[in-house]
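What follows is a set of notes on a single structure, which appears directly below.
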Amino acid sequence: MKKILSRFAHYANSTSPGPEEAQWYHLWSIGIYTGSSPAALAPASGVKNPVLTRDDVTDVCALMVADPFMIHVAGTWYMFFELYNRRSHGEIGCATSPDGFTWTYQRVVLAEPYHLSYPYVFEWQGEYYMMPESVRAHEVRLYRARRFPDQWDCIGTMLKGHGYADCSILRDGDRWWMWAESSQGRCDTLRLFSATDLLGQWEEHPRSPLIEWNPHLARPAGRMVRVDGRPVRFAQNCFPDYGTEVRAFEITELSRTTYAERPLGQGAILGPGGAGWNQHGMHHVDAHRLDNGQWIASVDGWRKVASLLDNIDPSKMWLGKQSKEHQ
1083 MKKILSRFAH YANSTSPGPE EAQWYHLWSI GIYTGSSPAA LAPASGVKNP
1133 VLTRDDVTDV CALMVADPFM IHVAGTWYMF FELYNRRSHG EIGCATSPDG
1183 FTWTYQRVVL AEPYHLSYPY VFEWQGEYYM MPESVRAHEV RLYRARRFPD
1233 QWDCIGTMLK GHGYADCSIL RDGDRWWMWA ESSQGRCDTL RLFSATDLLG
1283 QWEEHPRSPL IEWNPHLARP AGRMVRVDGR PVRFAQNCFP DYGTEVRAFE
1333 ITELSRTTYA ERPLGQGAIL GPGGAGWNQH GMHHVDAHRL DNGQWIASVD
1383 GWRKVASLLD NIDPSKMWLG KQSKEHQ
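The opening position of the sequence shown corresponds to residue 1083 in the numbering used here, with each subsequent residue numbered one higher.
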C-alpha cells in the first residue's frame, strides 16, 4: 500500500511533496463549460458535470482523469486526456461526443514506459498531431496519427535533455511557438521557444525565461487560443496548492526578439467550485469557438480525498496490466 500511495504524491497538498508528507490527494475529473469568451466560462447549461470521471474508464483501473484536450473531426468531438492507470502511470485516454456535451469513453490510445499527460492534440495541413507531456523522458516528443484517433506514432523529438511540463504550442506568423514550464516541480518558471517547422530547430527566446520564481502564473493550463486576433495563454495558479485556479493572459507582443502580455479579465477565470467534483481547485481549460460565436471548453477540477484507492469499483481494482504502447 505504501508503494501504491507514493506514486501519487505529486497530486497531494503541495507542488512537490514527498510520500511521507502527503495527507490527502487530488481526485481529478473532467467537465464542460461554455461562455461568450474563454475568459467568461461557466458550467454548461443542461449538462451534469463532471462529464467524465475515473469510473467511466473501462479498460484499465483509473485513479483519476485530467488534462482534457478536444478536437472536432468530421462531425464528432474527440477528447484526449490523462488517465492515471493504477497498474502503471499516466496514459492517454480518448472519449467521443456528438455534440460536445455528452461523452462516451472509448479506450487508452497512447501509453509509454513513462508517465504521459497533457495530450495537446491539434491539426496541421491535414494531419493530426499530439504533443503529450513526457517530463520523465526528459524530452518533448511529437506524435502523428497513423489512424485517428487510436493509433499514434512518435515522429520526432522537439526538445530534449530536460523535463518540460505542459508544453503549449501556437502557430503565429511564419513560426511555431512553444510555452513550457521548466522547474521540474516548483511550477514557477515559464520558457518560450520557437521554430519554423514542428520538427525543425527549436530556439529559446532571448527574453526566456519569461517568468521565474512565480507559481501563480508560470505553468501552462491548456490550449493557446486567439481572442479578437490576439493570442491568449492560460496559466495555472499553483499556490497555495497545485492546480488551485486558472488565469488568462493576452499576448500583446510576440516576435523573435520581443514579448509582452497582460491579464485578460480580472483575476482567475476558473477556480474552486466550493463543493462537489471541483471543490478545491481547477487547473486546465481547452476552449473552442463555435460557429454561433459562443465558446465550449473542456476543463478539469479536483477535490480532496484521503486515498485515491477509496471508493473504486472492486471489479476494476485489478483490471488490465499496463496498457500496451500506442497500437
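Where is the CB? At the ideal position from N, CA and C, for every residue including glycine.
Just so you know, these numbers come straight off a predicted model, no measurement behind them.
(1) I'd like the span of the beta strand (DSSP E) that includes THR1186, first residue to last.
(2) State yes or no: is the C-beta of ILE1378 within less than 9 angstroms of the C-beta of ALA1126?
(3) Have a look at LEU1346, PRO1291, LEU1390, ARG1329 and flag the residue whose alpha-carbon is nearest the alpha-carbon of ASP1310.
(4) Please report the distance separating the alpha-carbon of THR1116 from that of THR1340.
(5) In three-state DSSP terms, what is LYS1242?
(6) By how many angstroms is the C-alpha of GLY1208 removed from the C-alpha of LEU1109?
(7) Are the beta-carbon atoms belonging to ARG1189 and ASP1149 less than 9 angstroms from one another?
(8) Let's see if you can read the secondary structure: which residues bound the beta strand (DSSP E) around ARG1226?
(9) Just verifying my parser: in three-state terms, what is the DSSP assignment at PRO1396?
(10) Do TRP1400 and CYS1143 have their CB atoms nearer than 9 angstroms?
(11) Let me confirm a value: THR1326 is counted as buried when at least 16 other C-beta atoms fall within 10 Å, else exposed. Which label applies?
(12) Assuming the contact rule is C-beta atoms closer than 8 angstroms, GLN1266 and GLY1245 should be a hit. Round their C-beta distance to whole Å, please.
(13) When every heavy atom of the ligand PLP is checked, does at least one fall within less than 8 angstroms of the C-beta of TYR1200?
(14) Do the region 1221-1229 and the region 1285-1304 touch if we need at least three Cβ pairs shorter than 8 angstroms?
(15) Taking just the CA atoms, how far does PRO1396 sit from GLU1215?
(16) Can you tell me which of the three DSSP states ARG1329 falls into?
(17) With 9 angstroms as the threshold, decide whether the Cβ of VAL1314 is near any Cβ in chain C.
(18) Out of ALA1388, GLY1356, THR1186, ALA1350, point me to the one whose CA is closest to LEU1123's CA.
(19) Taking just the CA atoms, how far does ASN1374 sit from ALA1091?
(20) With H, G and I counted as helix, E and B as strand and the rest as coil, what does DSSP make of GLY1353?
(21) In the DSSP assignment, what are the bridge partners of ASN1319?
(22) Going by C-alpha distance, which of SER1199, ASP1141, HIS1287, ARG1229 is nearest CYS1249?
(23) Use the C-beta contact count for VAL1279: other C-beta atoms within 10 angstroms, 16 or more gives buried, fewer gives exposed.
In terms of the structure at hand:
(1) 1186-1192 is the extent of the beta strand (DSSP E) around THR1186.
(2) With respect to ALA1126, ILE1378 sits close: the two C-beta atoms are nearer than 9 angstroms.
(3) If we check each option's Cα against that of ASP1310, LEU1346 comes out closest.
(4) Cα to Cα, THR1116 sits roughly 33 angstroms from THR1340.
(5) If DSSP states are grouped into helix, strand and coil, LYS1242 belongs with the strands.
(6) Just so you know, the alpha carbons of LEU1109 and GLY1208 end up roughly 36 angstroms apart.
(7) Going by C-beta atoms, ARG1189 is not nearer than 9 angstroms to ASP1149.
(8) Where ARG1226 is concerned, the enclosing beta strand (DSSP E) stretches over 1221-1229.
(9) It is helical.
(10) Cβ distance < 9 angstroms, so TRP1400 and CYS1143 count as in contact.
(11) With 16 or more other Cβ atoms within 10 Å, it is buried.
(12) With a Cβ gap of about 5 angstroms, GLN1266 and GLY1245 count as contacting.
(13) Ligands are entirely absent from the displayed structure, and the ligand PLP is therefore not among its contents.
(14) In short, these stretches do not touch, since the Cβ pair count stays below three.
(15) Here the C-alpha atom of GLU1215 lies approximately 30 angstroms from the C-alpha atom of PRO1396.
(16) In this structure, ARG1329 counts as strand in the three-state DSSP scheme.
(17) In the structure shown, chain C cannot be found, because there is only a single protein chain.
(18) That would be ALA1350, whose Cα lies nearest to the Cα of LEU1123.
(19) A caution first: ALA1091 carries a pLDDT of 38, below 50, which makes its placement in the model too unreliable to give a value.
(20) Judged by DSSP in its simplified three-state form, GLY1353 adopts coil rather than helix or strand.
(21) Paired residue(s): GLU1327.
(22) That would be SER1199, whose Cα lies nearest to the Cα of CYS1249.
(23) Per the sequence shown, residue 1279 should be read as Asp rather than Val. Under this definition ASP1279 is an exposed residue.
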